[in-house]
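Student: My questions all concern the structure below.
2 protein chains.
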Amino acid sequence: MNIYDIAQAAGVSTATVSRVLSGSDKVSPQTREKVQSIIDKNGFVPNAFAQGLGLGSIKLIGLLCTDVSDAFFAKAVSSIEQQLRQYDLAAVLCCTGEELSGKKQSLELLLSKKVDAIILIGSPMGAGNENSHLVEAAKQCPLIGLNLHLDIPGFYGVLSDQEQAMRENVAHLQKAGCNKIAYFYDGDSPANQAKLVGYRKAAKDFDERLLVQTKKDLDAAMEAADSLFDDCPFDGILASEDILAIGAYKAMAARGLSLPTIGFNNSVVARCATPSLTSMENMLDSLCTIAVTQLVDVLNGKNVPRKISIACHLVERETFRLT
Amino acid sequence: MNIYDIAQAAGVSTATVSRVLSGSDKVSPQTREKVQSIIDKNGFVPNAFAQGLGLGSIKLIGLLCTDVSDAFFAKAVSSIEQQLRQYDLAAVLCCTGEELSGKKQSLELLLSKKVDAIILIGSPMGAGNENSHLVEAAKQCPLIGLNLHLDIPGFYGVLSDQEQAMRENVAHLQKAGCNKIAYFYDGDSPANQAKLVGYRKAAKDFDERLLVQTKKDLDAAMEAADSLFDDCPFDGILASEDILAIGAYKAMAARGLSLPTIGFNNSVVARCATPSLTSMENMLDSLCTIAVTQLVDVLNGKNVPRKISIACHLVERETFRLT
DNA sequence: AGAAATGATGGAAGCGCTTACATTTTTGAG
DNA sequence: CTCAAAAATGTAAGCGCTTCCATCATTTCT
């Protein structure tokens with residue numbers, strides 16, 4: 014069944030049916046009602062491809078995500094998808110992995126599906142922040158970065174202020190008397206870089222050995238903390254991710270130490286851990302809501318800010334309390 | 014730029030270009046090479062909508078997922094998406110939520126995007142296993158259920174044998190001397206029902222009070238365990254989900270008890286917990302790989318089994334050891 | 001009342017690709 | 001060489017919808 018059949022049955026032209034379908038145009042109420050009733054009666058759904066051909070869009074939004082099995086990204090994807098649906102947009106998900114080749118391939122795939130826009134979750138860049146593929150992509154459709162911003166045309170960033178958040182973390186621990194704060198981080202995505210910068214700025218003079226890069230993995234963090242402690246004892250723990258903070262804390266706990274520890278992202282594991290982990294809430298939900306709003310506005314041709322940044326706040330639990 | 018431009022530049026007809034694009038058909042090697050070089054030179058990518066109109070497919074697979082922010086589902090989605098990409102298929106993700114209306118709406122959305130098939134992750138059914146919408150959908154495109162099977166045409170199930178797994182869990186705890194095993198479970202999706210049946214069959218005579226339904230949430234599980242213990246003390250813990258097992262264990266630990274506990278799904282939190290949680294590995298990766306293989310075979314018109322089931326196995330950690 | 005503006009509807013040309021069928025070229029057996 | 005069969009290529013008719021432009025029916029204004 015196609016639009017022509019409906020037109021026949023309603024005794025109108027395909028143009029009129031199309032107008033009824035698109036909702037907006039000028040159709041007399043009677044005609045609209047008659048056509049609509051026939052559409053309903055037959056359960057007619059317009060062919061998405063034909064519509065796409067005519068309109069140039071099939072209402073798909075690409076989600077380029079480093080790894081959805083990561084709890085943080087998964088939450089973001091979930092939240093974004095829900096938002097999108099409210100605008101009758103569907104999400105095409107691509108998990109890129111860490112390799113640049115995978116990132117490029119995924120991007121190509123999304124573009125080939127003619128998505129209307131792409132939301133970037135995690136780091137879509139290659140080593141050394143190689144981003145020529147993003148520049149190219151941005152010419153084809155708007156790019157919305159989550160906790161990420163590039164100063165190129167067609168790019169819109171929505172970020173939580175992680176640098177500032179990490180500064181606060183450092184300040185908190187310092188107030189609690191820590192002056193050798195270990196910082197565990199994974200990878201060097203732009204988001205992680207911001208946190209690291211925050212640490213550097215706030216900690217000022219510190220032993221470079223206190224900065225430890227490790228895999229985003231409990232065991233890796235435990236080992237890293239263990240060997241760091243032998244090499245350069247520390248009195249407080251910060252991390253770019255809750256899981257790393259938990260690992261480090263566990264390793265110290267095994268030595269009978271209970272060091273002030275603050276994680277980052279306030280993820281599920283923070284509450285599951287024993288003792289429960291104090292963590293920096295990144296306002297992911299707000300981030301996602303705003304990202305989708307931005308996206309919709311851009312698609313509607315509105316003039317929107319190129320970069321929006323929102324503040325984080327601390328959620329206190331057992332591993333560290335402010336007062 | 015379209016296929017016509019390429020045809021012109023190559024001095025051939027659009028049909029020939031199309032043949033080169035589709036790869037398969039008979040084109041002389043010289044012609045193919047000439048056309049291909051021009052395609053490459055211009056970075057030409059065929060219009061997905063037009064292709065869709067002609068072919069009736071745009072190589073999209075729907076993923077109907079109850080909630081990607083759930084770690085288990087997220088892993089499944091991630092794994093499936095990766096597999097799909099190897100077949101040059103893209104994944105359209107829809108998170109349905111728990112409401113039947115949301116499930117129906119998501120299904121409609123996927124169908125309206127003309128996906129070639131839909132993979133169901135979590136429970137797509139309504140209360141009382143209402144599934145008429147699925148029956149309808151199965152008429153339009155194949156449905157692949159992950160840990161789910163319906164005996165309707167067009168439905169293919171790939172499941173881990175959760176009933177059997179839960180029987181083993183019960184048997185293990187019984188061997189360890191437990192004879193009042195509490196079972197915590199969330200929701201009554203078909204997958205959860207299978208586990209529950211496993212418990213019932215293996216536990217045989219047991220106090221019905223030992224079955225506790227609760228939210229999939231740490232605190233909820235703790236409270237539930239706490240009040241159950243007051244009402245009907247138990248000596249072992251099983252659950253449909255790791256997080257519930259952890260909650261229950263925590264609550265008992267707070268009372269100074271360390272009960273044999275086995276979780277389900279072997280998720281990340283199982284390792285993060287202290288003490289680490291023994292859990293039933295559900296072979297999710299295999300499940301996903303097989304699901305995608307099934308899907309591809311179905312799309313290629315192969316004759317595939319309607320239901321495939323694979324065994325789980327226990328991963329021992331601190332909360333319970335077999336020996 | 002007649003002209004002009006306004007509103008509703010229809011006709012038909014795309015959108016860019018696929019593919020059945022027609023046509024031309026090549027191949028090789030006799 | 002000749003000619004039929006096979007291979008390569010071209011022609012053109014869709015696929016189902018959108019939308020510009022034309023047409024016809026109402027109003028509104030003078």
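Sequences listed follow chains A and B, in order. Here the numbering used here = 1-based position in the first sequence + 13. Here the numbering used here = 1-based position in the second sequence + 13. For every residue, glycine included, the Cβ atom is placed at its ideal position computed from N, Cα and C. What you are looking at is a predicted structure, and each value in this text was computed from that prediction instead of being measured.
For Thr-79 of chain B, which option in B:Ser-136, B:Phe-242 and B:Asp-129 has the closest C-alpha, if you only look at C-alpha atoms?
Tutor: B:Ser-136
Student: Name the residue from A:Ala-61, A:Gln-96, A:Pro-155 and A:Ile-74 whose alpha carbon lies nearest to the alpha carbon of Glu-121 of chain B.
Tutor: A:Ala-61
Student: Checking the sheet assignment: what are the DSSP bridge partners for Glu-294 of chain B?
Tutor: For Glu-294 of chain B, DSSP records a beta bridge to B:His-326.
Student: Whole angstroms is fine: what's the gap from Pro-318 of chain A's alpha carbon to Val-148 of chain A's?
Tutor: 18 Å
Student: What does the alpha-carbon distance come out to for the pair Arg-180 of chain B and Val-311 of chain B?
Tutor: 33 Å
Student: In the structure shown, what three-state DSSP assignment does Tyr-169 of chain A receive?
Tutor: strand
Student: Would you grab the beta carbon distance between Val-225 of chain A and Tyr-262 of chain A for me? Rounded to a whole angstrom, and I think it's under 8 Å.
Tutor: No, Val-225 of chain A and Tyr-262 of chain A are not in contact; Cβ-Cβ is about 14 Å, not under 8 Å.
Student: Would you tell me roughly how many angstroms separate the C-alpha atoms of Ala-103 of chain A and Ser-41 of chain B, rounded to the nearest one?
Tutor: In a straight line, the C-alpha of Ala-103 of chain A is about 41 Å away from that of Ser-41 of chain B.
Student: Examine chain A for any beta-carbon lying closer than 8 Å to the beta-carbon of Cys-107 of chain B, and answer yes or no.
Tutor: yes
Student: Does Ile-74 of chain A come within less than 8 Å of chain B when only Cβ atoms are used?
Tutor: no
Student: Here's a check: name, in chain order, each residue in its chain whose Cβ is nearer than 8 Å to the Cβ of Leu-73 of chain A, leaving out the five neighbours to either side.
Tutor: These residues qualify, in order along the chain: Leu-102, Ala-103, Ala-104, Val-105, Lys-126, Lys-127, Val-128 and Asp-129.
Student: Under 8 Å Cβ-Cβ, which residues of chain B neighbour Thr-287 of chain A?
Tutor: Lys-263, Ala-286 and Thr-287
Student: Run through the DSSP bridge pairs and tell me what Gly-276 of chain B is partnered with.
Tutor: The partner list for Gly-276 of chain B (beta bridge, DSSP) reads B:Ser-292.
Student: Would you say Ala-23 of chain B faces chain A, with C-beta separation under 8 Å as the test?
Tutor: no
Student: Identify the residues that DSSP records as bridge partners of Val-105 of chain B: which are they?
Tutor: A:Val-105 and B:Gly-75
Student: Which residues bound the beta strand (DSSP E) around Gly-65 of chain A?
Tutor: It is not in any beta strand (DSSP E) - Gly-65 of chain A instead sits in the alpha helix (DSSP H) that spans 61-68.
Student: Entirely within the stretch 187-241 of chain B and at least 4 residues each: give me those alpha helix (DSSP H) ranges in chain order.
Tutor: 203-216
Student: Applying the criterion that 16 or more other CB atoms from any shown protein chain within 10 Å of the CB defines a buried residue, is Gly-158 of chain A buried or exposed?
Tutor: buried
Student: List the residues of chain A that Gln-95 of chain B touches, going by C-beta distances under 7 Å, in chain order.
Tutor: Proximity of chain A to Gln-95 of chain B at the Cβ level (cut-off 7 Å) is accounted for by Cys-108, in chain order.
Student: Whose C-beta lies closer than 8 Å to the C-beta of Ile-303 of chain A among residues of the same chain, with five residues either side of it excluded?
Tutor: Cβ within range, chain order: Val-171, Ile-321 and Ile-323.
Student: Are there 16 or more other CB atoms within 10 angstroms of the CB of Glu-112 of chain B, so buried, or fewer, so exposed?
Tutor: By the neighbour-count rule (16 or more Cβ atoms within 10 Å), Glu-112 of chain B is not buried but exposed.
Student: In this structure, does DSSP put Lys-127 of chain A in helix, strand or coil?
Tutor: coil
Student: With 8 Å set as the bound, which would you pick, yes or no: does the beta-carbon of Asn-233 of chain A sit closer than that to a beta-carbon of chain B?
Tutor: The identity of residue 233 of chain A in the sequence shown is Ala, whereas the question assumes Asn. So no, Ala-233 of chain A is outside the interface.
Student: Spell out a yes or no on whether the stretch 227-241 of chain B and the stretch 251-260 of chain B are touching, meaning 3 or more CB-CB pairs, one atom from each, closer than 8 Å.
Tutor: yes
Student: Assuming Leu-257 of chain A is part of the alpha helix (DSSP H), what are its boundary residues?
Tutor: Following the DSSP letters along the chain, one finds Leu-257 of chain A inside the alpha helix (DSSP H) bounded by residues 255-267.
Student: Is there a Cβ of chain B sitting closer than 8 Å to that of Ala-63 of chain A, yes or no?
Tutor: yes
Student: Listed in chain order, which residues of the stretch 124-145 of chain A have Cβ atoms closer than 8 Å to some Cβ of chain B?
Tutor: Leu-124, Ser-125, Lys-126 and Lys-127
Student: Return helix, strand or coil for Lys-315 of chain B, following the three-state DSSP convention.
Tutor: coil
Student: Can you list the residues of chain A that Ser-82 of chain B reaches, using a CB-CB cut of under 7 Å?
Tutor: Ala-87, Lys-88 and Ser-91
Student: For a contact meaning CB atoms closer than 9 Å, what does Ile-71 of chain B contact in chain A?
Tutor: What Ile-71 of chain B touches in chain A: Ala-61, Phe-62, Gly-65, Ile-71, Lys-126 and Lys-127.
Student: In this structure, how does DSSP classify Lys-116 of chain A when only helix, strand and coil are distinguished?
Tutor: In this structure, DSSP gives Lys-116 of chain A a helical state, which the three-state scheme calls helix.
Student: If we count the other Cβ atoms within 10 Å of its Cβ and call it buried at 16 or more, is Glu-26 of chain A buried or exposed?
Tutor: First, the amino acid is wrong: residue 26 of chain A is Ser here, not Glu. Under this definition Ser-26 of chain A is an exposed residue.
Student: Report the CB separation of Leu-97 of chain A from Leu-133 of chain A in whole angstroms; it is logged as a contact under 8 Å.
Tutor: With 8 Å as the limit, Leu-97 of chain A and Leu-133 of chain A do not qualify as a contact, their Cβ atoms being about 15 Å apart.
Student: Within 10 angstroms of the Cβ of His-146 of chain B, are there 16 or more other Cβ atoms? Answer buried if so, exposed if not.
Tutor: buried
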